[in-house]
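Trainee: Residue numbering for the sequence shown follows our numbering, starting at -1 and increasing by one per position.
Here it is, the structure, as structure tokens.
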Amino acid sequence: MEKLINEFSIGLFFWQLVLFIGLVLLLRKFAWKPILDAVEKRESGIEEALKSAEKAKLEMQNLQADNQKLLQEARAEREAMLKDARDMKNKMIEDAKGEAQEQANKMITQAQAAIESEKKAAMAELKNHVAGLSLEIAEKVVRTELSNKDKQLKLVETMLGEKSLN
């Protein structure tokens, strides 16, 4: 280091200083500016990427909110459809019960009408049968009563007596 101090020359120092300043100016003009421009360009690219990422994040949040909303609407619609289906099922069951009750009532009414008509027919047949039996019995009784001539005359007189009384 002493050697440098002993051999120090102002002229050499001046030219070294001029060359150093020239080199700095040349670097500033041709190297620093492109380097700084590249750094600024990269910085702005990073900022744009961050802004895009933030925008994408907001968009994703909006999409998630929309998806949640659509999901809730779909659930509500599904519940409404299930409720409608249950109501329709209950209505169909009630209609079927009502129709079955109506059919049962018709069948009971028809059965009662058939029983009544068969009862009347049986009663008419029984009356005819009883009437026939009564006629047969009366015929037999009259035959036995009228087989004797005295009894016949007495019966005729009694009938004539009753007829004139009426």
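No residue lacks a Cβ here, since even glycine has one placed at the ideal position from N, Cα and C.
Please report how far the alpha carbon of R76 lies from the alpha carbon of Q70, in whole angstroms.
Mentor: Distance between the alpha carbons of R76 and Q70 is about 10 Å.
Trainee: In the DSSP assignment, find the alpha helix (DSSP H) that holds W13 and state where it starts and stops.
Mentor: First-last of the alpha helix (DSSP H) with W13: I8 to L24.
Trainee: Can you tell me the Cα-Cα spacing of A94 and S115, whole angstroms?
Mentor: Their backbone Cα atoms lie some 31 Å apart in a straight line.
Trainee: Give the secondary structure of E137 by DSSP, where H, G and I count as helix, E and B as strand, and everything else as coil.
Mentor: In this structure, E137 counts as helix in the three-state DSSP scheme.
Trainee: Buried or exposed: where does N4 fall if 16 or more other Cβ atoms within 10 Å of its Cβ makes it buried?
Mentor: Classification of N4: exposed, given that the 10 Å Cβ count is below 16.
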